[in-house]
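Residue numbers (the UniProt record's numbering), protein chains in the order written: chain A, 1 to 199; chain B, 1 to 199.
Structure (C-alpha cells):
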C-alpha cells in the first residue's frame with residue numbers, strides 16, 4: 001500500500017484537540033443519520049471542516065475512526081451487572097449491549113468495523129488490537145466474578161466469553177437488536193449451565 | 001433507488017446457462033485470488049465477458065451473487081456428522097465449517113455477504129431469506145438428532161443453533177479459521193452440556 005509506512009510512522013503525531021473533537025463529532029453524526037451505509041471519510045471531513053489528509057494522519061484506517069467513535073459513545077459504556085447469579089448477569093449484560101447498539105452511532109460503528117475487517121487487513125488488526133480487548137471487558141468481568149463464586153470453571157471463561165460475544169455479534173449483524181426477552185434469557189441460562197470439562 | 005423496481009420485476013428473466021456459469025466461475029475465481037477485498041462486479045463482468053447489466057439483472061445485489069457462489073462451492077457442502085453423541089457431532093461440524101471456509105471462495109463469499117449486509121438493506125434480506133435457512137441446515141440436523149436421542153431439549157434447539165453459528169461467524173470474521181482443536185472441542189462440550197430450562 002503506497003504511503004502506508006509514512007502514515008504508520010506518524011500515527012503518534014500530535015493531534016489538535018479542537019479538530020479531533022470536530023472529526024469525532026462529525027463521524028458520530030454521520031453514523032447516527034445514515035448508519036454505516038452512509039459513512040464516508042469524505043462526508044466526515046466535509047462536516048468537520050477538516051482535511052482528509054489530517055483525518056488519515058490521525059486515524060490511518062476507517063476502522064480506527066469507527067473504533068474511536070464506538071468507545072466515545074456514552075451508550076457503549078456498559079455497566080457490569082451484579083445480580084449475584086451468572087444467568088441473570090449474562091441476560092442483563094446482553095440486554096445492555098443490544099440496547100446500546102439499537103439505532104445508535106455505537107451500533108453503526110461496530111457494524112462498520114466488522115464489515116471493514118472483511119475487506120481490509122489493517123482493519124482486522126484494529127479489530128483485534130484496539131477493539132476486542134477493551135470491548136470484552138464487561139463480559140470477562142461477569143464471567144470472572146462467576147468463577148470466584150464457583151459458578152464457572154476458570155478454564156471455561158475464555159470460550160464462554162466467545163460464545164456470548166458470538167451471539168451478540170450475530171444478532172447485530174443480522175439486524176436483530178430488539179429486546180427479544182425469551183431468546184436472551186434462554187441463551188443466558190444455556191451459557192450459565194454449560195460445562196466444558198471432559199467427561 | 002432508481003431502477004430497483006425494474007430490476008426486481010426481471011429477477012425471473014430466463015438466464016443463459018453458459019453466461020450464468022461463466023459469471024459464477026469468474027466470481028469464484030476473483031474471490032479465490034483476491035478474497036472479498038478484491039471482489040467487484042466490474043472485475044467479474046470483465047473476466048466472464050458479460051455485461052454488468054446482465055449480471056445485475058440476474059443477481060440484483062452483490063449479496064445475491066456471493067450467496068450463489070457460496071452454495072456452488074463444493075467445499076461448502078458440509079456433511080452431517082453421525083458420531084452418535086452431540087459433543088463430538090458439534091466438534092466435527094465446527095471443524096467442517098471452518099475447514100470449508102479456510103482460504104476458500106466460500107469463506108470469502110460469506111465474509112463478503114456479512115460485510116455487505118451491514119451497508120445495504122437488500123443484502124441483509126438476502127442473508128436472511130436466501131442464505132441463513134439453507135446454511136444452517138446441518139446445524140439444525142445435528143441438534144434435531146440429539147433431541148431425538150434425548151440429549152437436547154427440543155426447546156433449546158433454536159438458541160443452541162444460534163450460539164453455535166455465532167461462534168463460527170465470530171471465528172470467520174476475526175480471521176480465525178485455523179483448526180483450533182482445544183477451543184473447538186471445549187465449545188462443543190459447553191453447548192452439549194447446556195440446559196436452557198428455568199430452574
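The C-beta atom is built at its ideal place from N, Cα and C for all residues, glycine as well.
For residue i, return the contacting residues in chain B, with the cut-off set at a CB-CB distance below 8 Å.
i	result
residue 156 (chain A)	186, 190
residue 85 (chain A)	Within chain B, no residue comes near residue 85 (chain A); the closest Cβ sits about 11 Å away, beyond 8 Å.
residue 124 (chain A)	174, 175
Name, please, each residue of chain A whose Cβ falls closer than 7 Å to the Cβ of residue i.
i	result
residue 36 (chain B)	118, 119
Can you pull the chain B residues whose beta carbon is under 7 Å from the beta carbon of residue i, in chain order?
i	result
residue 183 (chain A)	159
residue 130 (chain A)	Chain B residues near residue 130 (chain A): none, gap ~13 Å exceeds 7 Å.
residue 127 (chain A)	174
Name the residue from the options whose alpha carbon lies nearest to the alpha carbon of residue i.
i	options	result
residue 216 (chain A)	A:56, A:93, A:181	Residue numbering for chain A in the displayed model covers 1 to 199; residue 216 (chain A) lies beyond these limits and cannot be assessed.
residue 199 (chain B)	A:195, A:199, A:198, A:189	A:189
residue 98 (chain A)	A:83, A:173, A:197, A:84	A:173
residue 15 (chain A)	A:150, A:58, A:36	A:58
residue 193 (chain B)	B:64, B:151, B:101	B:151
residue 155 (chain A)	B:135, B:182, B:138	B:182
residue 17 (chain A)	A:50, A:88, A:30	A:50
residue 79 (chain A)	A:96, A:176, A:185	A:96
residue 25 (chain A)	A:146, A:68, A:127	A:68
residue 141 (chain B)	B:29, B:84, B:71, B:47	B:84
residue 86 (chain B)	B:177, B:175, B:149	B:149
residue 72 (chain A)	A:195, A:27, A:171	A:27
residue 21 (chain A)	A:48, A:100, A:37	A:48
residue 113 (chain A)	A:176, A:126, A:168	A:126
residue 132 (chain A)	A:29, A:82, A:117	A:117
residue 161 (chain B)	B:74, B:94, B:180, B:36	B:94
residue 23 (chain A)	A:102, A:66, A:138, A:185	A:66
So which residues on chain A does residue i lean against when the C-beta distance must stay under 8 Å?
i	result
residue 196 (chain B)	186, 187, 189, 190, 193
Return the residues of the region 161-181 of chain B that lie within a Cβ-Cβ distance of less than 7 Å from chain A, sorted by chain order.
Those residues of the region 161-181 of chain B that come within reach of chain A (Cβ to Cβ, closer than 7 Å) are 162, 163, 165, 166, 167, 169, 170, 173, 174, 175.
Report the residue ranges of all alpha helix (DSSP H) runs contained in full by the region 62-86 of chain B; include only those spanning at least 4 residues, in chain order.
62-72
Could you list the residues in the region 88-117 of chain A with a C-beta less than 7 Å from some C-beta on chain B, going in chain order?
111, 112, 114, 115, 117
May I have a chain-ordered list of the alpha helix (DSSP H) segments no shorter than 4 residues that lie completely inside the region 77-140 of chain A?
86-101, 105-119, 121-126, 132-135
Considering only residues of the UniProt DNA-binding region "H-T-H motif" (40-59) of chain A, which uninterrupted alpha helix (DSSP H) runs meet the minimum length of 4 residues and lie entirely inside it, listed in chain order?
41-48, 52-58
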